[in-house]
Structure formats: C-alpha cells, structure tokens
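K.L.:
Residue numbers (my numbering): 2 to 269.
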Ligand SMILES: NC(=O)c1ccc[n+]([C@@H]2O[C@H](COP(=O)([O-])OP(=O)(O)OC[C@H]3O[C@@H](n4cnc5c(N)ncnc54)[C@H](OP(=O)(O)O)[C@@H]3O)[C@@H](O)[C@H]2O)c1
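1) Smallest Cα separation from residue 115: which of 74, 99, 122?
2) Measuring only the C-alpha atoms, how far is residue 263 from residue 176?
3) Taking contact to mean 3 or more Cβ pairs, one atom from each stretch, closer than 8 Å, check whether the region 227-240 and the region 190-209 are in contact.
4) Tell me the rounded alpha-carbon separation between residue 27 and residue 120.
5) How big is the Cα-Cα spacing for residue 133 and residue 75?
6) Have a look at residue 163 and residue 131 and give me their C-alpha separation to the nearest angstrom.
7) Using 8 Å as the threshold, is the C-beta distance between residue 101 and residue 69 below it?
8) Our contact map puts residue 118 next to residue 172 with C-beta atoms below 8 Å; I'd like the distance itself, whole angstroms only.
9) Apart from the five residues just before and just after residue 127, which ones in its own chain have a Cβ nearer than 7 Å to its Cβ?
10) Please confirm whether residue 145 and residue 65 have their CB atoms less than 8 Å apart.
11) Say the cut is 7 Å; is the CB of residue 115 nearer than that to a heavy atom of ligand 1?
12) Taking the alpha carbon of residue 31 as the reference point, which residue from 17, 52, 19, 148 has its own alpha carbon closest?
13) State yes or no: is the C-beta of residue 75 nearer than 7 Å to some heavy atom of ligand 1?
14) Give me the Cα-Cα distance between residue 246 and residue 190, rounded to the nearest whole angstrom.
15) So residue 172 is in the alpha helix (DSSP H); what residue range does that whole segment cover?
16) For residue 80, count neighbouring Cβ atoms within 10 angstroms of its own Cβ and tell me buried if that reaches 16, exposed if not.
17) Between which two residues does the alpha helix (DSSP H) harbouring residue 50 extend?
18) Which residues in the same chain have their Cβ closer than 6 Å to the Cβ of residue 35, if we skip the five residues on either side of it in sequence?
19) If you reduce the DSSP assignment to three classes, tell me which class residue 129 lands in.
20) Residue range of the alpha helix (DSSP H) that residue 41 falls in?
21) Using the Cβ count rule (16 or more neighbours within 10 Å means buried), how would you classify residue 20?
22) In terms of alpha-carbon separation, which member of 178, 249, 129 lies closest to residue 159?
23) Could you have a look at residue 71 and say whether DSSP puts it in helix, strand or coil?
24) Could one say the Cβ of residue 218 lies closer than 8 Å to chain B's Cβ atoms, at least one of them?
25) What span of residues does the beta strand (DSSP E) with residue 244 cover, start to end?
26) At a threshold of 7 Å, does residue 96 count as lining ligand 1 (C-beta to nearest heavy atom)?
27) Run the CB neighbour count on residue 241, radius 10 Å, all protein chains shown included, and call it buried at 16 or more, exposed below.
28) Could you give the distance in angstroms between the alpha-carbon of residue 178 and the alpha-carbon of residue 221?
The following block contains the structure:
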C-alpha cells in the first residue's frame, strides 16, 4: 500500500521512448517493486519485473497506479484487460489526443484517470508535464499521481481539457523544435566553412548555455534576446532576418497551429 512520502507501485503498459524516459526518473527516486509490460526487452533492475504481454502480468500484481504509455492507437488492444483494476488503481495516461471521456469509455465509467502530457526531458527530471484529472480521481489519488509527476519536472494543472492540445503542441513536442534549432545552427556553421566537430560543439553548447541562463533568471526571453542585440551589431542583423514576420514568427505560429490541429484530430 502506498504511503505519503514514497512513490506508488506502478504497472506500466508500453515502455518505449516516453515510457523509458519516465521510468528512468522514477527508478532514480526509488520506485517500489513494479511491473512493466513491453513487447521488446531491456534491462530492468530487480525487484522490478518486465513482461512482454499483458497476458503475462503476474497474478500478485496489485499496483497503486497504472501508467498507459503505448501509442494512442494501441490503447484499445490493452484496455479490456485493465478494467479489473478500475476500482482499485489510478490510471495515468500519456496518450496524445486520448480524452478522459474516451479513456473512461474503455476503462469503465468510474475509472479514476489522470491525463498527462510529459516531454522527453522528464528523463533527467527537467520535464514539463501538463495534467488534468477526471472527477473520479480522489484527493488521495491526486497526491499519489503528483508524487510521480513531480519527480519528472514541473507540473502544470490545466483548467480545462481543451487546453491539452495546445499544451502538447508547445511542451510535448517542443523539445523536437529545440533540437531542430541545434541542428540548423550546426548546418549553418558548416556552411560557413567550420568543421563538423566544431560546428556541433558551438551549436550544442549555445543551446545548452542559453537554456541554463533561462533557468536561472526571471527575465522575459525577449529581454535576454535584446541584451545580446547591440544596435547595428551582428546579432541585430541576424535577428532582423529571423524576426521578419514571414520568417520565424509566422513559421512558429503555423507549426503550433498544425500540431494543435493534429492533436484534436487524434481525439476524434
Ligand atoms: N515521445 C514523446 O516525446 C512523447 C511526448 C508526449 C507524449 N507521448 C505519448 O507517449 C506514448 C508513447 O509514445 P512513445 O514515443 O514512447 O512510443 P513508442 O516508443 O512506440 O512506445 C510504445 C511501446 O509500447 C509497446 N507496446 C504497445 N502495445 C503493447 C502491448 N500490447 N504489449 C506490450 N507492449 C506494447 C510498443 O511495442 P511495439 O513497438 O512492438 O508496438 C512500444 O515499445 C504515446 O501515446 C504518445 O502520445 C510521447
């Protein structure tokens, strides 16, 4: 049984990119004996157990929390077998586009479900996790769920489930945009004649250092930007290109609109 100052035991269904990132964070915080279901194997420290199918979940498995980390379209394959825990465990779903109502229809109308949207920096405890719970989640279950979420980074409770699509487009997918920035900076450095290794070092450490500066200040990002851009200097020249309306402002707005739309489509 879960006590207030420890993590709950979990049964995790699906453990690919996101599942492994979350699991890493929970293992670092002394996860109690838990069961992970994933078709392909990987090393898992004892006493945790890895099984390859939901049919192989040990009979004595009695989780506080069931974490759904399969792909959204794979949910219907596993939810019938999970219904038996619906009145005992809290479900935490990371499935993009799967609504609380839709999951409730599959897991049972009284199932206590938290829908969360993490991002891959959860692996190192620096994630951004948006969350919303259905009305069946008790205050005790909410604390249990939060104990898992807080090991992974910052948690934002949403006011309405509709906000999840935009939250997913910004923070769930967001690390990919930042990695693209590092990639494009590196490519541009190589175009200027720098070697691959030097271009890679300059681009990566610039993204790393800038993120760390943001983490260390309450200043707006726009102010940090302005502090680098001396009038008529070289940074200002570059920013004039990037900040042209049709360049990054329009591209970012279109990209986030496209991702938000896709999130909505996946829910329908
Ligand atoms: N990746 C991200 O950054 C991110 C961010 C926010 C939310 N999410 C959400 O996280 C979820 C997982 O995404 P992901 O990128 O981690 O996907 P993924 O790498 O494909 O991981 C899913 C894993 O679950 C396994 N699996 C599926 N059904 C199974 C079953 N019935 N029995 C055993 N294993 C099963 C899959 O095996 P097979 O490959 O053999 O099917 C795969 O190893 C998605 O719903 C996504 O919306 C992801």
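The beta carbon of each residue, even a glycine, is placed where N, CA and C say it ideally should be.
P.N.:
In short:
1) When the alpha-carbon of residue 115 is set against those of 74, 99, 122, the nearest one is in 99.
2) Each residue's alpha carbon lies about 17 Å from the other.
3) Judged by Cβ distances under 8 Å, the region 227-240 makes no contact with the region 190-209, as fewer than three pairs qualify.
4) Taking the straight line from one Cα to the other gives about 15 Å.
5) Their Cα atoms are separated by approximately 21 Å.
6) For residue 163 and residue 131, the distance between alpha carbons rounds to 12 Å.
7) The answer is no: Cβ separation not under 8 Å.
8) Residue 172 and residue 118 do touch by the CB rule: their CB atoms are close to 7 Å apart, below 8 Å.
9) Only 154 meet the Cβ criterion.
10) Against a cut-off of 8 Å, the Cβ pair of residue 65 and residue 145 comes out as a contact.
11) Between ligand 1 and the CB of residue 115, the shortest heavy atom gap is not smaller than 7 Å.
12) Of all alpha-carbon atoms in 17, 52, 19, 148, the one lying nearest the alpha-carbon of residue 31 is that of 148.
13) The answer is yes for residue 75.
14) As the crow flies, the alpha-carbon of residue 246 is around 24 Å from that of residue 190.
15) No alpha helix (DSSP H) contains residue 172, which DSSP labels as neither H nor E.
16) Its Cβ being crowded by 16 or more others within 10 Å, residue 80 is buried.
17) No alpha helix (DSSP H) contains residue 50, which is instead part of the beta strand (DSSP E) from 50-52.
18) For residue 35, where only same-chain residues beyond five positions count, the Cβ hits under 6 Å are 10, 11, 49.
19) Per DSSP, reduced to three states, the secondary structure at residue 129 is strand.
20) From DSSP, residue 41 is part of no alpha helix (DSSP H); its letter is neither H nor E.
21) Residue 20 should be labelled buried.
22) Considering only alpha carbons, the answer is 129.
23) Looking at residue 71 - three-state DSSP - the assignment turns out to be coil, as it is neither helix nor strand.
24) Among the chains of the structure shown, chain B does not appear; only one protein chain is present.
25) Residue 244 -> no beta strand (DSSP E), and no H or E assigned at all.
26) Short note on residue 96: C-beta closer than 7 Å to some heavy atom of ligand 1.
27) Burial call: exposed.
28) Approximately 20 Å between the Cα atoms of the pair.
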